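> Numbering (our numbering), first residue to last: 11 to 214. For every residue, glycine included, the Cβ atom is placed at its ideal position computed from N, Cα and C. These numbers were taken from a predicted model, which means no experiment stands behind them. Once you've had a glance at the structure underneath, I'll fire off some questions.
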Amino acid sequence: MPKTKQLGRDFYAQNTLQVAKELLGQRLVHMDNGQRLAGIISEVEVYRGEEDQACHARAGFTNRTKVMYGPPGHAYVYFTYGMHWMLNFVTETEGYPAAVLIRAIQPVEGLKTIAARRVQVAPQRWTDGPAKICQALGIDARHNGIDLCASQSEIFVEMEQQVSQTMITTGPRVGLNNVPEPWKSIPWRFRTSLAKAENIIDTL
DNA sequence: GCGACGATGGGCT
DNA sequence: GCCCATCGTCGCA
11 MPKTKQLGRD
21 FYAQNTLQVA
31 KELLGQRLVH
41 MDNGQRLAGI
51 ISEVEVYRGE
61 EDQACHARAG
71 FTNRTKVMYG
81 PPGHAYVYFT
91 YGMHWMLNFV
101 TETEGYPAAV
111 LIRAIQPVEG
121 LKTIAARRVQ
131 VAPQRWTDGP
141 AKICQALGID
151 ARHNGIDLCA
161 SQSEIFVEME
171 QQVSQTMITT
181 GPRVGLNNVP
191 EPWKSIPWRF
201 RTSLAKAENI
211 IDTL
């Protein structure tokens, strides 16, 4: 193997807002039975601290949230709405609950496998939501708690490119209906526009 | 033990 | 744009 571009523990140990912004433009990889399924991260959200009333850790340390309290650089995968899996990366120091939710990627590797899992869905819609990413890449409860920094990790992130601040748009997080202010409106959602969706079709 | 509800997506109006 | 499927988790009795 050539030199690794895999992001290490120090990256995830940074402030969650910094991690979120720097994750934009990087390559999310799932080794799915030996096959690389990957996409460029284009949208993320920050969930940070017990005081954040939108963060699962608002309820404190529970069996569900314990991964968020663990060391940085691990995957926090949880189930919601009776049918959807969500992928998060644990950040900051052990003992402080914080994570980045991966909301959207642009698929770049393993497109045939992804297409097979997203039947009758247009390519530009394959992975434009957090649950869609997990469905397309085959991520579920098995991956909760795994180490993104391990040398043979099933899920990891590769350094791909740096996205300048001017290319990043921010806004309130999505789907926080009954969350009190200021958490409901705090601009902890980060997006960037990447290459056009037609490129996906070209490489199929 | 049990009721309420959710960091959503997909299909239908 | 609106509705709702579907079930794990939490919190309270």
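With a threshold of 8 Å on Cβ separation, who are the neighbours of R135 within its own chain once the five nearest residues in sequence on each side are excluded?
In chain order, R128 and K142 place their CB closer than 8 Å to the CB of R135, counting only its own chain and leaving out the 5 sequence neighbours on each side.
> Going by the CB atoms, is the gap between A23 and V54 shorter than 8 Å?
no
> How would you write the range of the alpha helix (DSSP H) that E32 sits in, first residue to last?
T26 to L33
> Whole angstroms are fine: how far does the CA of R201 sit from the CA of Q162?
29 Å
> When you compare only the Cα positions, how much space is there between T176 and L111?
Those two C-alpha atoms are separated by around 21 Å.
> Among residues of its own chain, excluding the 5 on either side of Q172, which ones have a beta-carbon nearer than 7 Å to its beta-carbon?
G35
> Going by other Cβ atoms of all chains shown within 10 Å of its Cβ, with 16 needed for buried, is T90 buried or exposed?
exposed
> According to DSSP, G49 sits in a beta bridge with which residue or residues?
L38 and P117
> Closer than 8 Å is the cut-off here; do at least three beta carbon pairs connect the stretch 117–125 with the stretch 55–74?
no
> Quick one: what does DSSP say I196 is sitting in, helix, strand or coil?
I196: coil per DSSP, three-state reduction.
> With A146 as the anchor, note down where its alpha helix (DSSP H) starts and where it stops.
P140 to L147
> In terms of residues, what are the limits of the beta strand (DSSP E) holding F166?
For F166, the enclosing beta strand (DSSP E) has its first and last residue at I165 to E168.
> Quick one: complete beta strand (DSSP E) runs, 3+ long, within the stretch 42–94?
45–58 and 85–90
> Count the other C-beta atoms from every protein chain shown that fall within 10 angstroms of the C-beta of P82, then say buried if there are 16 or more, exposed otherwise.
buried
> Would a C-beta distance cut-off of 8 Å place G49 and T179 closer than the cut-off?
no
> For D212, which of helix, strand or coil comes out of DSSP?
Note that D212 scores a pLDDT of 46, beneath 50, so its modelled location is shaky and nothing firm can be said.
> Out of H94, A151 and E60, which one is the CA nearest neighbour of Y86?
A151
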